[in-house]
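Asks: Chains as they are written, first to last, in our numbering: chain P, 1 to 501; chain U, 502 to 680; chain E, 681 to 1050. Even glycine gets a Cβ: it sits at the ideal position worked out from N, Cα and C.
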Amino acid sequence: MKLFRFRGGVHPEGHKLATGSRPIEVLPMPKRLYIPMQQHIGAPAEPAVKQGHHVLKGRLLAHGQGTISAPVHAPTSGTIIDIVDHTAPHPSGLTVRTIILEADGKDEWMETETTINPFEIDPQEIAVRVGAAGIVGLGGATFPSAVKLKLGDKQPIKTLIINGGECEPYLTCDDRLMQERAQDVVDGIRIMMHSLRTSRALIAIEDNKPDAIEAMKIATNLFDNVMVVPVPSLYPMGSEKQMIHALTGLEIPAGKRSADIGVLMHNVGTAYAVHNTIRKGRPLLSRIVTVGGGAVREPRNLEVPLGTLVSELFEYCGGFIKAPERILMGGPMMGQVMPNMHVPVIKGTSGVIALTKKEITQQQTMACIRCGSCAQVCPCGLLPMELATRSNKGQFDNAIDYGLLDCISCGSCSYVCPSHIPLVQYFNYAKGAIAAQNRDKQKATETRDLAKQRTLRLEREAEAKTRAAEARKAARQAQQQAKQTTPPPSTKPVATEEAAP
Amino acid sequence: MGMAIFYLTILGLSLGLILGIAARYLKVESDPLVDEIEAMMPGSQCGQCGFPGCSPAAAAVVAGEAEPTLCPPGGRDLAQRLADKLGIKVDLSVMDEDTGPILARVHEENCIGCTRCFKVCPTDAIMGAPKQIHSVFKAACTGCKACIDVCPTECLQIESVETTLGTWHWPKPEPALAA
Amino acid sequence: MSTITTPFSGPHTHALRTSGQIMGLVLLALVPATVFGFYLFGWPAVNLWLITILSSLLFEAFSLKLANKPILFSLSDGSAVVTGWLLAMTLPPWAPWWIGVVGGGMAIILGKQVFGGIGQNLFNPAMLARVVLLISFPVEMTSWVTPQPLFSAHAPTFLEGLNITFHGYSLDMVSGASSLGAVRTELTQGHALSTILVPHHYTTQNLALGFISGSLGETSAVFIILGGLFLMYKRIFTWHVPVAMLTSVAVLATLFHAMNPERYADAGFHLFAGGMILGAFFIATDPVTSPNSALGKLIFGASLGALDYVIRTWGGYPEAIAFSVMIMNAMTPLIDHYTRPRIYGHTWRGATLKYSEDKLDTVHKSRDAL
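1. Suppose you measure from the CA of residue 606 of chain U to the CA of residue 594 of chain U; what does that come to, to the nearest Å?
2. Name, please, each residue of chain P whose Cβ falls closer than 9 Å to the Cβ of residue 549 of chain U.
3. The beta strand (DSSP E) spanning residue 34 of chain P covers which residue range?
4. Thinking residue 339 of chain P and residue 309 of chain P are a contact (beta carbons under 8 Å), I'd like their distance in whole angstroms, please.
5. Of all the options E/832, E/1024, E/824 and E/891, which has the alpha carbon lying nearest to the alpha carbon of residue 255 of chain P?
6. Mind listing the chain P neighbours of residue 661 of chain U? Cutoff is C-beta to C-beta under 7 Å, in chain order.
7. Just by C-beta distance, which residues in the stretch 664-675 of chain U are closer than 8 Å to chain P?
8. Can you list, in chain order, the residues of the stretch 86-114 of chain P whose Cβ is nearer than 7 Å to any Cβ on chain U?
9. What's the C-alpha gap between residue 247 of chain P and residue 303 of chain P?
10. Just the C-alpha distance for residue 112 of chain P and residue 282 of chain P, rounded to the nearest angstrom, thanks.
11. Would you report the Cα separation of residue 54 of chain P and residue 61 of chain P, rounded to the nearest angstrom?
12. Extract the residue ranges of the alpha helix (DSSP H) inside the stretch 425-492 of chain P, only unbroken runs of 4 or more that lie entirely within it.
13. State the DSSP-derived secondary structure class of residue 311 of chain P, mapped to helix, strand or coil.
14. For residue 589 of chain U, I'd like the list of residues in its chain whose CB is within less than 8 Å of its CB, leaving aside the five on either flank, ordered along the chain.
15. Determine the closest residue to residue 723 of chain E out of E/865, E/745, E/825 and E/1040, with distance taken between C-alpha atoms.
16. What residues of chain P sit near residue 543 of chain U, judged by a beta carbon separation below 8 Å?
17. Let's test the definition: count the other Cβ atoms within 10 Å of the Cβ of residue 87 of chain P and tell me whether it reaches 16, buried, or not, exposed.
18. Which of the three DSSP states is assigned to residue 1022 of chain E in this structure?
19. Are residue 649 of chain U and residue 637 of chain U touching if we call contact CB-CB under 8 Å?
20. Can you tell me the Cα-Cα spacing of residue 278 of chain P and residue 572 of chain U, whole angstroms?
21. Locate the beta strand (DSSP E) running through residue 302 of chain P, then write down its first and last residues.
22. In chain U, which residues lie less than 7 Å from residue 432 of chain P when you measure between Cβ atoms?
23. Looking at residue 1056 of chain E: is its Cβ nearer than 8 Å to the Cβ of residue 890 of chain E?
24. Name the chain E residues whose beta carbon is nearer than 7 Å to that of residue 261 of chain P?
25. How many Å lie between residue 260 of chain P and residue 1036 of chain E at the Cα?
26. For chain P, check one thing: does any of its Cβ atoms lie closer than 8 Å to the Cβ of residue 597 of chain U?
27. Which residues bound the beta strand (DSSP E) around residue 901 of chain E?
28. What does residue 454 of chain P touch in chain U if you count any residue whose Cβ is under 9 Å from its own?
29. Might you give, ordered along the chain, the residues of its own chain that have their beta carbon closer than 7 Å to the beta carbon of residue 739 of chain E, omitting 5 neighbours on each side?
30. Using a Cβ-Cβ cutoff of 7 Å, what residues of the stretch 36-55 of chain P are near chain U? List them in chain order.
31. For residue 861 of chain E, does the three-state DSSP call read helix, strand or coil?
32. Should residue 1046 of chain E be labelled buried (16 or more other beta-carbon atoms within 10 Å of its own) or exposed?
33. Buried or exposed: where does residue 335 of chain P fall if 16 or more other Cβ atoms within 10 Å of its Cβ makes it buried?
34. Could you work out which residue in E/857, E/693 and E/799 is closest to residue 758 of chain E when comparing CA atoms only?
35. Taking only the alpha-carbon atoms, compute the straight-line gap between residue 100 of chain P and residue 123 of chain P and give it to the nearest angstrom.
36. Say whether chain P places a C-beta atom closer than 8 Å to the C-beta of residue 979 of chain E.
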């Protein structure tokens, strides 16, 4: 199959050997799990349990709220000891509503639905079950998967792309998953194809994962319409826009979704979760996490219950050989720095990486020499140095004009910048500031309307009052006139005048 | 020389005439600048500027009768934008430090349900009924402080809006890029 | 590990190259041509080279101090050395010491720091300084010497070299003319090209090797190209500007040479004479003052070459590189504006991409073929 080359891109050092050759291990169930209500894009989930409740493994802990949201389930059996604001796995260090579950050690399953043959049920039903299982994009985007699966009803999805790119350095969780559980992943893919009514799936795997490619090829042998496509190792191959371009030559038109060009992309981990849910009736309770980075004594891939504290992962991997400079969730290119190690693993946690100072290779920022490296590597065709100066000066409209909102924050520009300018942070800052401005504008419009309505209401009320007063006055005058026909000597027109105001 | 003066006079007169006619026939009814300025203002008609509403305030700013710093809810940001729009200089130091977004909050233990606050609220952001505890509808509150003064029990207080995961965004990198 | 207060945005890993390293590589690439210049023109050339670089550094430090910027950290980016070095390469090798000092000052202060320092300047600082010098001191800037290779019989000793740099020298002793200057002078006297080039030994081979009089570091095309190829290999700059520029000059020269060989020199002469090669590889490729996109670079290079040819052939100054570079520098923002790369998901004009249903169908179907 002919592949396409997206523009730009970088080749960061892989660092994948340490974990890529080691089998996945199951982390022993921790004593306590910290389960955040916001592990996905969209509205936070709303707790369905109270302090003191005892729950079985797989029990619903929190409902999704609204169309774009995802429920959360108990990763093990135990007692809800509290619902608190706990530090979120987020660079801001802000808190998020978190259910604390104390494991009872029995790991006792609740009764699960009887297994079904997914290819005999309605495609819609699959999306519903995937939604109820709390499955979100496990590549890190954490967009609720059911919402994407339902798109098959509205638009024809001609090609399903399964992202096994894993272009981030250090991360090997998808690599190991494909090597060890290829059959299950492929089954999940076929279930998704059924749900989307799609007749074609391409599994894209970067060519630096020959073992995963081999395993997946064997697993797809029987299925003509599921193809394994080795793609060149080039960051950001795993980004939706770039991978779609690499595989089809098509670009997602600006402001549109991939479904608009007949493509949908899911991660291999998501496919595996779909398999688990549909075949075994199990909601999303755990995920595979790469524990890596130069500071970790024994890096490896772990299957981790959601809600496990990051510190426990490092402990299981033998602790640190060097003091880590930064703890990351996700890979070093697009991953987020964590405020501390007492944050839980969530659905989108593909890796926890402890980097040493040496690995970060960040140096003091120098002035831009306009070398143009950033523009050369930008996979979106942007001019990062121009965007950065505009963002810095607060010229957001101008920055949008230069394509700020087309930036995917992949970090290629910052990665190559010889002056070590934190370009991505400028873009993140500008995007955030623009969003905040829009929120403010939205609120101002709403409150302005409210104020207008109130003024109108007050006017109406005042008018009603005057009309009522006039009506009263008229009534009184009528009365007066009625009285005047039989006038008592004492009352004179003077009295009516007094009543007038 | 004489001819030159003559031609220039004719030229000046005819251009002046055209401008005069244009001004008469292409006249814009209301001053669009006032409308634009009004659109920039919070629009809650809170009256903290001393004018009866945002529209008269906008007219006053355009007419030069009021400073662009007149609007406390708009803060320094609005003052700067107004000044930029009008092309005038503004001394921001006369304004209070920007507090960031603020909202009113009812401390329920003190509320006696007197209804005074929701009568003055310019955006109908306070809900309640007589003798019932009132509460502030956050999405509609502009932090204009109109309710604070009328509350007899001081149960209404202004609080700054806390950043959440949904509203947090990356700060500008330090040190700033040399530009 | 402590709780961090100001979080770092990604990426959390970086390519190892720094701006200082880039400058270092550029300097390394200049070494062969410079050493050849030293050999060709002896101690006075070494002196001038040193003086120009040192004064550039001094003026840079002075400006940084005035601007309250960290002096040592900013100097460590090496840009002042590159500027001074490049300027020195374009000066007459036996020029007096103050040419280097004034040139260094002009390049750094007028060429760079008044614009706000590194990365902000509109014009190539070395070329700006060269133009200022050429216009202000035409005699010193057009006094060339015939090559006096080190250790040859007539080469000045170290002490004589100091004397030449600081007290001047008698022109008729060693005076030569740059290839372009000589050709221009003779042409204006009505001589035909065939009677000029051969007696002056201006064969393409001689010009390429550089055993001729000319600027300190411009004579040897071979060594300059060597350095340029090295930088291209190291991905410091791309092929676009040099190739576009040299091609455009070659095409124009060939065209006019074919029309009148006695009036217009051939492509070989134009490519290797004067500062053409140095300009193409080291001056026009300056990232700050040239366009960013590949298309922009092609336009920039081609226009630069054409302009250079025009000024050389019909203009008042035979050494045209500096002027044409500055004119094109001024055009760079405009070129950049009109050659912005296409943004993903947009058309070239910025509208949203559209695909026809048929096209989508064909693409999806073609994905079945393994």
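Replies: Put simply:
1. 28 Å
2. Under the 9 Å cutoff, chain P gives no residues; its nearest Cβ is about 13 Å from residue 549 of chain U.
3. 32-36
4. Incorrect: roughly 13 Å between the Cβ atoms, too far for contact.
5. E/1024
6. Near residue 661 of chain U there are no residues of chain P at all, since even the closest Cβ is about 15 Å away, more than 7 Å.
7. 664, 665, 666, 668, 669, 670, 671, 672, 673 and 674
8. 88, 90, 92, 94 and 96
9. 30 Å
10. 7 Å
11. 11 Å
12. none
13. helix
14. 569
15. E/825
16. 444, 447 and 448
17. buried
18. coil
19. no
20. 59 Å
21. 300-305
22. 670 and 671
23. Here chain E comprises residues numbered 681 to 1050, so residue 1056 of chain E is not present and cannot be evaluated.
24. 1035 and 1040
25. 11 Å
26. no
27. Element bounds for residue 901 of chain E: not the beta strand (DSSP E) but the alpha helix (DSSP H), 901-913.
28. 546, 622, 623, 624 and 625
29. 784, 785, 788 and 789
30. 38
31. helix
32. exposed
33. buried
34. E/799
35. 35 Å
36. no
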